[in-house]
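Below you'll find the structure, written out as structure tokens, and then a few comments.
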Amino acid sequence: MVKDNLDKTVAQSQKQNHAAETQSQSHPPEEPAGPEQSPERVKPDSSEPTGRQLDLLLWHKLNLEEEPEDWRQLVTGADADCLPTHLRPFRSQAEYELVKSTYQQLQHSGYYWGPMTMEEAHEILTNALLGTFLIRDSGQPDVFFTLSYQSDDGPTSVRVQLNNLLFNLNGSQRTFPSLFALLTYYSSSSCKLTVPYRKQRPESLKQRCRRAFVCTYGAENISTLPGLSPQVKNYVHSYPHSI
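Under our numbering, the first residue of the sequence shown carries the number 53, and numbering increases by one thereafter.
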């Protein structure tokens, strides 16, 4: 059985991107899914839409309790300056809740870099070890997140698609119920991701202990373990992953 690794994923995505380009040249992608050139050789895409030009969701509401109808609210123009990222309109309340949860957990991951261009991400990863990766906001108006990692061919970016409440890498048919399940799979020994590139280097002891705790006991057992304070349980639940 052929394994679904990142090399096959980016190769398939290159074919899809080429086919799409032959149909329309009106919306060039912010980042091809295949291996990229090093940052100094990447030509900036002057036609890339800016945050002001995109339809934006009122992102700070993700931290508030909302009525179901509020997930459709969008902002544009000057109000967009207060938002950390751009978002396409959500297709459903369930999709909104999934992205909300993903975003909140990413904030505690240490390897989510928020708004960042492909060139900036690739510059950060230029001297990183093979397989080092980070998650950032996509520059595409119809994509939430992008995975950037150090490949055999240098820094590479792949769009993370979300369809029918399932995540997948652009060019791959393999889907996952969460972004973190996707990262866990591609971090396996048969694939290409190794370690996340965290903003805080070295990582704090508190964060490392949380990951070790999840690896040892499992996130699903945290609530039932005796002797843990509510504060500790809340801290672990804020990022219940071993990545």
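Ideal placement from N, C-alpha and C gives every residue a C-beta, glycine not left out.
Just so you know, these numbers come straight off a predicted model, no measurement behind them.
- Contact with chain C by isoleucine 274, beta-carbon distance below 8 angstroms: In summary, chain C is missing from the structure at hand, where a single protein chain is found.
- Item | Rounded C-alpha distance that separates isoleucine 295 from proline 278 | 25 angstroms
- Let me know if glycine 166 comes out buried or exposed under the rule of 16 or more other beta-carbons within 10 Å of its beta-carbon. exposed
- Nearest to serine 224 by alpha carbon, out of Thr169, Ser239, Arg211? Arg211
- Query: Measuring CA to CA, which of His293, Leu231, Pro229 is closest to arginine 260?
  - Reply: His293
- Query: If you draw a straight line from the alpha carbon of tyrosine 287 to that of arginine 262, how long is it in whole angstroms?
  - Reply: 8 angstroms
- Message: Quick check: the region 190-209 against the region 264-280, are at least 3 beta-carbon pairs closer than 8 angstroms?
- Response: no
- Which runs of the beta strand (DSSP E), 3 residues or longer, sit entirely within the region 197-255? 197-203, 206-215, 218-221
- Count the other CB atoms within 10 Å of the CB of aspartate 189; is the residue buried (16 or more) or exposed (fewer)? buried
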